[in-house]
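Protein chains in written order, with the numbering used here: chain F, 40 to 270; chain E, 2 to 119.
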Amino acid sequence: MFEALKLITLAPQLGPAEREQFRLALQAATAALPSAPRALLEPVLPGSYNAGDFIWRVSFVDERAGRRALAGGSWRDAEAQLFADRSRVAQVEHVAWERAVGGGRSPGRGIHRVALFCANQSPSAERLAKFAAETVAMPQHIRSIRSWQLATTSDADGSRPWTHVWEQEYTDLEGLTGAYMMHPYHWAHVDRWFDPEWPEWLVDCMLCHAFCATSAPVIGSALSQACPPTA
Amino acid sequence: MPASSITVFVVDDITTKPGSGAAFMEACERRYVPDAKARGLTLLHRLVSPPVWLPDQSNRLLFVWTAPGAAGVWAAKLAGRADPLLAEWWQGEAAAFIESRTRAVFADPADIAALNHV
Numbered sequence: 040m041f042e043a044l045k046l047i048t049l050a051p052q053l054g055p056a057e058r059e060q061f062r063l064a065l066q067a068a069t070a071a072l073p074s075a076p077r078a079l080l081e082p083v084l085p086g087s088y089n090a091g092d093f094i095w096r097v098s099f100v101d102e103r104a105g106r107r108a109l110a111g112g113s114w115r116d117a118e119a120q121l122f123a124d125r126s127r128v129a130q131v132e133h134v135a136w137e138r139a140v141g142g143g144r145s146p147g148r149g150i151h152r153v154a155l156f157c158a159n160q161s162p163s164a165e166r167l168a169k170f171a172a173e174t175v176a177m178p179q180h181i182r183s184i185r186s187w188q189l190a191t192t193s194d195a196d197g198s199r200p201w202t203h204v205w206e207q208e209y210t211d212l213e214g215l216t217g218a219y220m221m222h223p224y225h226w227a228h229v230d231r232w233f234d235p236e237w238p239e240w241l242v243d244c245m246l247c248h249a250f251c252a253t254s255a256p257v258i259g260s261a262l263s264q265a266c267p268p269t270a
Numbered sequence: 002m003p004a005s006s007i008t009v010f011v012v013d014d015i016t017t018k019p020g021s022g023a024a025f026m027e028a029c030e031r032r033y034v035p036d037a038k039a040r041g042l043t044l045l046h047r048l049v050s051p052p053v054w055l056p057d058q059s060n061r062l063l064f065v066w067t068a069p070g071a072a073g074v075w076a077a078k079l080a081g082r083a084d085p086l087l088a089e090w091w092q093g094e095a096a097a098f099i100e101s102r103t104r105a106v107f108a109d110p111a112d113i114a115a116l117n118h119v
């Protein structure tokens, strides 16, 4: 599977009608992408940070199909028209990836959360592997995580050269703001990779935390079959 | 007991470079401790081993901080991340005195169930 994701910040001076016009234009361009079996375009919910206004995400069956679709003339024209105008789009965080590990089963509708990380503090192979292993173990402890995926990026652009994409789906917002944030496996263990006070500090303090409401599964079903639900 | 009222312990375990124990303690109390308290942490203990400043060997220092539950830990963390001087302290000034260090979060075993019930 090949996936691409953007966090889109519209220019603050845009009014509601212009924002809706942008959303509809991006939705139409996305629907016209060849070989895109699954797409998400939703406004981010309050509580997100460094997240902008919209989460845009597309999934392709493999990298070849994805790159061909995103390099196609119609998408490139639409992308240039939608994103190049800085009076309309203030910031775009962009990532794409093929390599990912994941598991669980999507609740179908609920909350999708994505975090973009830049692991740029002494990122040795050993430290990156330990960070990834501890991160993907979170669903074993935090039961509100219904599906999840940790990806290493192949493309990244925006505020940082993003290295990791950490996604989860929840049944409801409480699963994210309550159990996920308040579980000690998170704040007393995994978070040391994100905290400049800890000797293990790995991830740049500038990270993106975005979540939105969903009405269909987001994280790949193929991965769900490959990795059984966590205990 | 509600999770917000459970005391959580944040422990810095620091081995100084030989002869740097007293100087690090002084620098820490001057440069770090006031800001950590302002972030909501309480300094419960400062401990030195052995209890003599060693001029040509390492001292081991323990700083035992407390915070009120997960919310207290997050509040201190997020306040620290907004302050670039904090990373400069640990990676610059403090590092000059330190041979090795660990930080870990502890709780009373009797509080584990409540902390995990989220």
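Glycine is no exception: its CB is placed at the ideal position from the N, C-alpha and C atoms. All of these numbers come straight from a predicted model, not from anything done at the bench.
Since residue i is in the alpha helix (DSSP H), which residue starts that stretch and which ends it?
i: F/S113; result: 112-122
i: F/Q60; result: 55-70
i: F/H180; result: 177-180
i: E/P85; result: 85-89
i: F/W226; result: 223-226
i: F/L155; result: Element bounds for F/L155: not the alpha helix (DSSP H) but the beta strand (DSSP E), 149-156.
i: E/I113; result: 113-117
Please tell me whether residue i and residue j are closer than 8 angstroms, where the distance is taken between their beta carbons.
i: F/L109; j: F/C247; result: no
i: E/G41; j: E/A96; result: no
i: F/P51; j: E/L116; result: no
i: F/L72; j: F/V128; result: no
i: E/S6; j: E/P52; result: no
i: F/E208; j: F/P146; result: yes
i: F/R103; j: F/A255; result: no
i: F/Q60; j: F/G91; result: no
i: E/T121; j: E/T67; result: Given a span of 2 to 119 for chain E in the structure shown, any question on residue 121 of chain E remains unanswerable.
i: F/H228; j: F/E173; result: yes
Measuring CA to CA, which of the options is closest to residue i?
i: F/V83; options: F/E239, F/A68, F/R62, F/R103; result: F/R62
i: E/L44; options: E/F98, E/A23, E/V11; result: E/V11
i: E/A83; options: F/G259, F/P235, F/C251, F/Q52; result: F/P235
i: E/F107; options: E/A23, E/M26, E/V65, E/V53; result: E/V65
i: F/S161; options: F/W237, F/V128, F/A129; result: F/W237
i: F/L167; options: F/E59, F/R103, F/A117, F/E239; result: F/E239
i: F/L212; options: F/P76, F/I150, F/I258, F/L79; result: F/I150
i: E/P85; options: E/Y33, E/F25, E/A28, E/I113; result: E/Y33
i: E/I113; options: E/A71, E/D57, E/F25; result: E/A71
i: E/V74; options: F/S163, F/T216, F/L121, F/D230; result: F/D230
i: F/A68; options: F/A119, F/V100, F/A56; result: F/A119
i: F/D196; options: F/P178, F/E132, F/P256; result: F/E132
i: F/V175; options: F/P146, F/W201, F/R148, F/E206; result: F/E206
i: E/E30; options: E/A105, E/E94, E/R102; result: E/E94
i: F/S126; options: F/L53, F/T216, F/Y209; result: F/L53
i: E/A87; options: E/A111, E/P110, E/P35; result: One point to set straight first is that residue 87 of chain E is Leu, not Ala, in the sequence displayed. Nearest option by C-alpha distance: E/P35.
Of all Cβ atoms in chain B, is any one closer than 8 angstroms to the Cβ of residue i?
i: F/M221; result: The structure shown contains no chain B; the protein chains it does contain are F and E.
Check the C-beta distance from residue i over to residue j and give it rounded, since I have them as a contact under 8 angstroms.
i: F/E226; j: F/V242; result: Here the sequence assigns Trp to residue 226 of chain F, which means Glu is not the residue at that position. No, F/W226 and F/V242 are not in contact; Cβ-Cβ is about 15 angstroms, not under 8 angstroms.
i: F/M27; j: E/V119; result: Here chain F comprises residues numbered 40 to 270, so residue 27 of chain F is not present and cannot be evaluated.
i: F/L65; j: F/W114; result: Not quite, the Cβ-Cβ distance comes to about 11 angstroms (not below 8 angstroms), so this is no contact.
i: F/G105; j: F/G259; result: So it is not a contact: roughly 12 angstroms between Cβ atoms.
i: E/F98; j: E/A24; result: 6 angstroms
i: E/S59; j: E/E100; result: 6 angstroms
In chain order, what residues of the same chain lie with their CB nearer than 7 angstroms to the CB of residue i, ignoring the 5 residues before and after it?
i: F/V204; result: L44, V134, W136, V153, L155, A190, T192
i: F/A261; result: Residue confidence for F/A261 is low, a pLDDT of 48 falling below 50, so the modelled location carries little weight; the figure read from the coordinates is stated next. Excluding residues within five positions, the ones whose Cβ falls inside 7 angstroms are M40.
i: F/S87; result: H248, A249, F250
Please list, in chain order, all residues of the same chain as residue i whose beta carbon is under 8 angstroms from its beta carbon, the five residues on each side excluded.
i: F/R138; result: A190, T191, S193
i: F/M245; result: N89, C157, S198, R199
i: E/L55; result: P19, G20, G22
i: F/I181; result: A218, Y219, H222, Y224, H225
i: E/M26; result: R47, V49, L62
i: F/S183; result: Y209, T210, E213, G214, L215, G217, A218, Y219
Going by DSSP, what residue range makes up the beta strand (DSSP E) through residue i?
i: E/C29; result: It is not in any beta strand (DSSP E) - E/C29 instead sits in the alpha helix (DSSP H) that spans 22-32.
i: F/K45; result: 41-49
i: E/L79; result: It is not in any beta strand (DSSP E) - E/L79 instead sits in the alpha helix (DSSP H) that spans 70-82.
i: F/L246; result: Careful: F/L246 lies outside any beta strand (DSSP E) and carries neither H nor E.
i: E/T103; result: 99-107
Please work out which residues of its chain come closer than 6 angstroms, Cβ to Cβ, to residue i, disregarding the five sequence neighbours upstream and downstream, and give them in chain order.
i: E/L62; result: I15, V49
i: F/L97; result: Going by the sequence as given, residue 97 of chain F is Val instead of Leu. Taken in chain order, the residues that qualify are A43, A75, A78.
i: E/T103; result: D14
i: E/A80; result: R40
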